[in-house]
Structures are given as C-alpha cells and as structure tokens.
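Visitor: In full-length UniProt numbering, the protein residues as written are 1 to 246.
Built from N, CA and C at the ideal position, the CB exists for glycine as well.
These numbers were taken from a predicted model, which means no experiment stands behind them.
Let me give you the structure first, and then I'll get to my questions.
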C-alpha cells in the first residue's frame, strides 16, 4: 500500500493545514498500517459498487465478491412489478442494503443487524446515503416475526472457527461477522432458517458462503427451497447460492 498516494490520504488529510500536524498524522497512519490495520479503517471508507461506505473498528469491511449478490437481487427486482420488499440479514455496514436501495427505486429494504458496534456504522451510512432503509436491531432468528418479503440477501459469518486468517483480518475485523461456528455452517444454517420464515412462496434467497460449502448449503436449502443454483464469484470460485422458496 502506498500511503504517499494523495487519493488514499485525501479524506484524512484534506482539512489539515498545519504542516507539522500533517506529518504527525501521516506518520500515525503509516504506523497503524505497519501494524496490519486494514487500509479501509485508516481511510474510513470502503468502495462498494457506486457507493463509499463508512467503516471502522467493529464492522466488517465489505468485499467486492459481495457485489455479485447485489447484482443478483437487482436482476430479480427488475423482473418484478410494483414495490419489492427486501430483507438484508446481518447487514453490517449496510453496504448491501444501501446498494440495493439506491439502485432499485421500487425496492423497500430492511437491514437486520445485532452487533451494537456494527449498528453504529450502519446508522451512519443509512443516514448519509438513503434514510429509506429501515434498520432492525436484533438476531436474525428473533426479528420480523410477522413479516413476509420478496427477497432475502444474506452474507452470514461462514468461516470455520479454527481457520487461520490474515493478520489484517483476524486482528481487527469483528470475529462475530467472520466465524460461523465449528464447521462454519452453524450460523449460515440459522440465516437460511430465518430466510425460509421471512420469504413469501416464490421469494428468492441469495446467500454467500465459502467455495467448500456449496454442497452443504445446497443440502440445507433443499429443506424449504427449490431451484437451488450455485454461482461463481469474480475469481470463478463457487461462492454464493440462490434459491426459491416453495
């Protein structure tokens, strides 16, 4: 990473006019990056589709691979008439919710998140980008009991608990948003059950997972869903699935 790049440093240094303060701030940023802190935490934003999402300690940095889930949801919305209800399970920073809400005028999006730290960033992004997104605080298994929706988008924690991650991930990003249980499937299973409860018959779920979990996810989806399809990410890896609620 080139911290001398003025584009990277613009948001942090733009309003600083004192040369000594600039040097001290720059040195602090370099020291933090040497300590493996994520670049997005240093700049305070992460690009996601056409948006700049504010991020920092306590919230997962949105990944480019997740943009494909948004693309799939938008494609489904384009084939539907009238208002389309979308629920984002485990919304985190709100990247997926806000991308859908700002790119589909007829979408009404509910963002579900239980982590207080992530909710801080979610509220910041919603208030700045699109206040029409409704935030619901709580566990996916307990909220929206009487709600039925057309689409569910989900990027659950799915990494096995014993998997070793890079230092800039494991040392900084929230483990609650990364690890999905002993096998990595335990939390996604809860998300799938929540989606089955929320979706109308014929509604669609899109869910992200590891490339090794495709067959297991397919088995979980087979209980309440049909037309299960495994999709590939930007690197041609099987990283997410879609399914239709019976």
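Quick check: what's the CA-CA separation for residue 223 versus residue 216?
Guide: Position 223 of the chain shown holds residue 223. Position 216 of the chain shown holds residue 216. Cα to Cα, the separation comes out at about 12 Å.
Visitor: Identify the continuous beta strand (DSSP E) that holds residue 225 and give its terminal residues.
Guide: Locating residue 225 in the chain shown gives position 225, where the first residue counts as 1. Here the beta strand (DSSP E) through residue 225 covers 225-232.
Visitor: Kindly identify the DSSP beta-bridge partner or partners of residue 241.
Guide: In the chain shown, residue 241 corresponds to position 241, counting from 1. Beta-bridge pairing links residue 241 to 207, 230.
Visitor: What residue range does the alpha helix (DSSP H) around residue 111 cover?
Guide: By one-based count along the chain shown, residue 111 stands at place 111. That residue, residue 111, is in no alpha helix (DSSP H); its beta strand (DSSP E) goes 107-113.
Visitor: Does DSSP classify residue 48 as helix, strand or coil?
Guide: Locating residue 48 in the chain shown gives position 48, where the first residue counts as 1. Reduced to three states, the DSSP call for residue 48 is strand.
Visitor: Go through its chain and collect everything with a Cβ distance to residue 208's Cβ below 8 Å, but skip five positions before and after it.
Guide: Here residue 208 corresponds to residue number 208 of the chain shown, with the count starting at 1. Once the five neighbours on either side are set aside, the close Cβ partners of residue 208 are 65, 66, 69, 154, 155, 156, 158, 239, 240.
Visitor: Check whether the Cβ atoms of residue 93 and residue 111 sit closer than 7 Å, and answer yes or no.
Guide: On the chain shown, position 93 is the one that residue 93 refers to. On the chain shown, position 111 is the one that residue 111 refers to. The answer is no: Cβ separation not under 7 Å.
Visitor: Under 8 Å Cβ to Cβ from residue 100, same chain only, skipping five residues before and after it: list those, please.
Guide: Translated into positions along the chain shown, residue 100 becomes position 100. Contacts found: 70, 73, 74, 77, 86, 88, 107, 109, 153.
Visitor: Residue 43 to residue 33, Cα distance in whole Å?
Guide: For this step, residue 43 is matched to residue 43 along the chain shown. For this step, residue 33 is matched to residue 33 along the chain shown. Each residue's Cα considered, the two are about 11 Å apart.
Visitor: Are the CB atoms of residue 133 and residue 126 nearer to each other than 7 Å?
Guide: Against the chain shown, residue 133 aligns to sequence position 133. Against the chain shown, residue 126 aligns to sequence position 126. In contact: residue 133 and residue 126 (Cβ atoms closer than 7 Å).
Visitor: DSSP three-state label for residue 7, please.
Guide: Residue 7 sits at position 7 when you count from the first residue of the chain shown. No answer about residue 7 holds up, because its pLDDT of 48 lies below 50 and its placement is not dependable.
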